[in-house]
Amino acid sequence: GVYADLSQDLPVTRYHSLAGTHPTLPEVLEVSSWIAAGPDGGKGVIMGVRHKEFLVEGVQFHPESILTAGGRTMLRNFLHMQGGTWAENERMQKQSKPQTNGTTRAANITSNGSSKGSILDRIYDRRKELVAAQKLVPDYRPEDLQADYDLDLAPELIDFPARLRQSPYKLSLMAEIKRASPSKGIISLSAHPAAQARTYAMAGASTISVLTEPDWFKGSIDGLRSVRRALEGMPNRPAVLRKEFIFDEYQILEGRLAGADTFLLIVKMLDTELLTRLYKYGQTLGMEAVVEVNTADEMKIAVELGSKVIGVNNRNLTTFDVDMETTSRLMEMVPKDTILCALSGITGPHDVEPYLKTGVGAVLVGEALMRAKDTTKFIGELLGGDTEQVQKKAPAKLLVKICGTRSAEAARTAIDTGADLIGIILVSGRKRCVSTDTALEISKAVHDTRKPTVSSSSPISTPDAASSYFSHTTIHFLQHPSRTLLVGVFQNQPLDYILQQQKLLNLDIVQLHGNEPLEWARLIAAPVIRSFKPGDAGLSTRGAHALPLLDSSGGGSGAQLDVSEVEGVLRKDEGLRVLFAGGLTPDNVSEVLGKFGKEEGARIIGVDVSSGVETDWEQDLGKIKRFVEAAKGFR
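Letter by letter, the sequence shown follows residues 983 to 1617 in the numbering used here.
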């Protein structure tokens, strides 16, 4: 029944108090589970009952809850029940084909045509079983997925073939997130898909392949969803490939909703009619598939299909033997405009070198990348490129923001000394708040006053690779080559008011210093700087605010941040860039910045000061000059 193959004493998430007790139980029913201790003869509250003869069983707890141990097994057991009586169920279960649970050791699951079928056959059968069960679950039914798609809830799509042609290397890299495989067993269960994806992207990968098969490859659709979210807002992000054993339109739509740009179709496991149907269905979703082949006959089918991207698997999916010459042998069959990708068996530069000479467009690498001690360095060695040149860096010069500006004179002084950002407080009731007339005067001064020296152009980046979101926003949103930018600071004010003030004062940037929703950044017609304290949720969210500002509580208080806390935040996310504020003065700014480690310090792209350039609550022009000079002198 429901509890087959489960141990005793399972923790579950129960309903309130809806269960019956033993004295009220009909004779035809029997108790199948109960709370271990309680008032009813030691058995406690009944948690499950079943009919003694007929195939009827019920529970009064939540097997679907993440807090219920063995919940998935319970649901699977329920879905596998067959017949009308327990006797029929037992007989039919014995007659059913045994299913592997996917935990067999790699050495024992390699098949060479045994009676159990090939590995591909077994994976295919298992996937059909799980997909059929999933289709019955509310929110996961085909009609539910279609409704989500019709509401345009799928993430933005990019042109997969076009992105695959872009690479900073001679060959494009399809970097795979692969925790395990039938041939090698466990590779890296501890790998975090989202973090791995960002590493691949910044090292120049054109595509990130995510295995979503759960039993043999230890992947999931949730892992793909995390990968797509990790790439959100990244300029020229890699395409995301759903690497799966696909046989149903349902899987393609599921992948599209999770953020896949492309998907895999394996010619070996699909008849031509089904292959064609799935390929064309993907195109209706805007997706171009990777069509995988291993033989000349399969290549002929892929070419006749009109595939724009064909992957040659160097691994035979029946025997799992690897032949690195497979791709080269099939190369001449590929049309000129079709991208050919070499899949499987690539472990180092010696495997890639032959493909550089034969016109292969891309290589897919999984296990070798997952095992590499330094992933970025390995990619450079593998493809013969310089990953340091590929990865984008934030500008070395420190940006300086003078906040709490209350006069056009103070603004011009800051600009003449080299400040990059001028902040004005637009929060009524705050002591540094300026009137509309004063704000307009400051705005005119900022927009009319040129910088003393014109900055050099933004660092030239590699156009064929992705770049860090915060590095991109720092370069393109937070600085101007010939003038200083005006920042309007708001705190817990209506969105309409912020939008009106942004237009009225011609604000270049909006700064939110309160509890405003993160999504407001997407509704404001200017880049947004968002204030956070170290440890606040949402600080490193991509695609919303252009840059986070780390500040002490309230801002403008003169209180300093704990350097170790800030370092901890920066250490967690290599791609994070921040403005740093809190208790900075002309006399301590160099000292405070010098306390940061080299890598963490480089992630501080600018400093923000307010009370540190004041004397008796009034802006001090001399302190403004000294602060800008000290900060610019530091970096």
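The C-beta atom is built at its ideal place from N, Cα and C for all residues, glycine as well.
If you're wondering where the values come from, they're calculated on a predicted model, not measured in any experiment.
Out of the options, state which residue places its alpha-carbon closest to the alpha-carbon of residue i.
i	options	result
Leu1365	Gly1330, Lys1383, Ala1378 and Ala1393	Gly1330
Trp1016	Gly1615, Leu1112, Lys1034 and Pro993	Pro993
Phe1199	Ser1047, Phe1245, Lys1383 and Arg1161	Arg1161
Lys1515	Gln1493, Pro1530, Lys1359 and Ala1503	Pro1530
Arg1634	Thr1055, Leu1049, Arg1054 and Gly1066	For residue 1634 there is no data in the structure shown, the boundaries of the chain being 983 and 1617.
Arg1388	Ile1397, Gly1362 and Cys1415	Cys1415
Ser1534	Ser1593, His1174, Trp1502 and Asp1569	Ser1593
Asp1230	Gly1205, Glu1556, Gly1264 and Ser1202	Gly1264
Lys1339	Asn1218, Ala1187 and Leu1153	Leu1153
Glu1181	Ser1450, Phe1142, Leu1500 and Val1285	As written in the sequence, residue 1181 is Thr, which differs from the Glu given in the question. Of the candidates Ser1450, Phe1142, Leu1500 and Val1285, the one whose C-alpha sits nearest the C-alpha of Thr1181 is Ser1450.
Pro1463	Asp1602, Arg1432 and Gln1482	Arg1432
Leu1505	Leu1486, Asn1218, Thr1258 and Val1492	Val1492
Cys1337	Arg1585, Leu1155, Glu1214 and Ile1159	The sequence given here has Tyr at residue 1337, not Cys. Per the Cα distances, Leu1155.
Lys1318	Glu1391, Trp1502, Lys1290 and Val1574	Lys1290
Pro1143	Lys1580, Pro1217, Ala1350 and Thr1320	Thr1320
Ile1457	Pro1476, Thr1300, Val1038 and Pro1509	Pro1509
Ser1100	Glu1286, Asp1303, Val1294 and Asp1132	Asp1303
Would you decide whether residue i is buried or exposed? Buried here means 16 or more other CB atoms lie within 10 Å of its CB.
i	result
Gly1095	Residue confidence for Gly1095 is low, a pLDDT of 37 falling below 50, so the modelled location carries little weight and cannot support an answer.
Gly1615	exposed
Tyr1479	exposed
His1429	exposed
His1454	buried
Lys1383	buried
Gly1341	exposed
Asn1497	exposed
Lys1034	exposed
Thr1244	buried
Val1272	buried
Thr1309	buried
Glu1600	exposed
Give the straight-line distance between the Cα atoms of residue i and residue j, rounded to the nearest whole angstrom.
i	j	result
Ser1417	Ala1242	50 Å
Ile1511	Gly1386	15 Å
Ile1091	Gly1288	The predicted position of Ile1091 is uncertain, since its pLDDT is 34 and thus under 50; no value can be drawn from it.
Leu1561	Cys1323	42 Å
Asn1059	Ser1208	29 Å
Arg1635	Asp987	Because the chain here runs from 983 to 1617, residue 1635 falls outside it and cannot be looked at.
Ser989	Ala1051	10 Å
Gly1327	Arg1147	22 Å
Ile1140	Ser1191	15 Å
Val984	Trp1068	12 Å
Gly1540	Val1041	60 Å
Leu1426	Gly1520	In the sequence on display, residue 1426 carries Lys and not Leu. When rounded, the distance between both Cα atoms is 34 Å.
Gly1604	Ala1187	49 Å
Asp1544	Asp1569	18 Å
Arg1524	Asp1126	28 Å
Ile1248	Leu1403	54 Å
Ala1613	Ile1406	20 Å
Thr1597	Thr1420	20 Å
Starting from residue i, trace the beta strand (DSSP E) both ways and give me its first and last residue.
i	result
Gly1241	Where Gly1241 is concerned, there is no enclosing beta strand (DSSP E), given that its DSSP letter is neither H nor E.
Gln1493	Ile1491 to Leu1494
Phe1562	Val1560 to Phe1562
Gly1293	Val1291 to Asn1295
Val1345	Ala1344 to Val1347
Ile1407	Leu1403 to Ile1407
Gly1590	Reading off the sequence, residue 1590 comes out as Asp, not Gly. Counting along the chain, the beta strand (DSSP E) containing Asp1590 begins and ends at Ile1586 to Val1591.
Lys1225	Ala1221 to Lys1225
Phe1472	Leu1467 to Phe1472
Gly1040	Glu1039 to Val1041
Ala1321	Per the sequence shown, the amino acid found at residue 1321 is Ile instead of Ala. It spans Ile1321 to Leu1325 - the beta strand (DSSP E) in which Ile1321 sits, taken as one unbroken run.
Thr1189	Thr1189 to Leu1193
Between residue i and residue j, how many whole angstroms is the CB-CB distance? I'm expecting something under 8 Å.
i	j	result
Val1610	Ala1393	12 Å between Cβ atoms; not a contact.
Ser1047	Gly1030	Their Cβ separation, rounded to whole angstroms, is 15 Å, which puts Ser1047 and Gly1030 out of contact at 8 Å.
Arg1211	Ala1157	Between Ala1157 and Arg1211 the Cβ distance is about 17 Å, and since that is not below 8 Å, they are no contact.
Leu1239	Asp1134	So it is not a contact: roughly 11 Å between Cβ atoms.
Leu1312	Leu1346	Rounded, the Cβ-Cβ distance is 15 Å, inconsistent with contact.
Ile1606	Ala1344	Their Cβ separation, rounded to whole angstroms, is 54 Å, which puts Ile1606 and Ala1344 out of contact at 8 Å.
Ile1169	Arg1412	The pair is not a contact, with the Cβ atoms about 55 Å apart (cut-off 8 Å).
Gly1576	Leu1380	So it is not a contact: roughly 12 Å between Cβ atoms.
Tyr1122	Gln1116	5 Å
In the DSSP assignment, find the alpha helix (DSSP H) that holds residue i and state where it starts and stops.
i	result
Asp991	Note, Asp991: premise wrong, no alpha helix (DSSP H); not H, not E.
Lys1426	Thr1418 to Asp1430
Leu1061	Gly1053 to His1062
Pro1331	Pro1331 to Thr1340
Leu1007	Careful: Leu1007 lies outside any alpha helix (DSSP H) and carries neither H nor E.
Lys1110	Ile1101 to Gln1116
Return no unless some Cβ of chain D is closer than 8 Å to the Cβ of residue i.
i	result
Phe1452	Among the protein chains of the structure shown there is no chain D, as only one such chain exists.
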